[in-house]
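Peer 1:
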Amino acid sequence: SNRTFANDDDILVQISEAWNAFISCADRVKSLCFRDWINLTS
């Protein structure tokens with residue numbers, strides 16, 4: 153859905169909260185970096 157924000161500061165607060173929620177789960181972050189199909193060796 154489309155969100156509306158009160159002002160620029162509200163946007164920054166919402167972005168910060170979303171980012172902090174995302175990085176609070178290390179396994180979620182790691183899952184984006186490790187996939188079976190990724191082969192980084194030459």
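Under our numbering, the first residue of the sequence shown is numbered 153, with each subsequent residue one higher. Each residue gets a CB set at the ideal place from its N, CA and C atoms; glycine is no exception.
#1: Is Phe186 closer than 8 Å to Arg180 when the C-beta atoms are compared?
#2: Could you give the first and the last residue of the continuous alpha helix (DSSP H) run that contains Ala158?
#3: Measuring only the C-alpha atoms, how far is Lys182 from Asp188?
Peer 2: Straight from the coordinates:
#1: Walking along the sequence shown from the start, residue 180 turns up at place 28. Walking along the sequence shown from the start, residue 186 turns up at place 34. Taking 8 Å as the Cβ cut-off, Arg180 and Phe186 do not qualify as a contacting pair.
#2: Counting from one through the sequence shown, the residue named residue 158 turns up at place 6. Segment: none, Ala158 is in no alpha helix (DSSP H) and carries neither H nor E.
#3: Taking the sequence shown and counting its residues from 1, the one referred to as residue 182 is at position 30. Taking the sequence shown and counting its residues from 1, the one referred to as residue 188 is at position 36. If you take the alpha carbons of Lys182 and Asp188, they lie about 13 Å apart.
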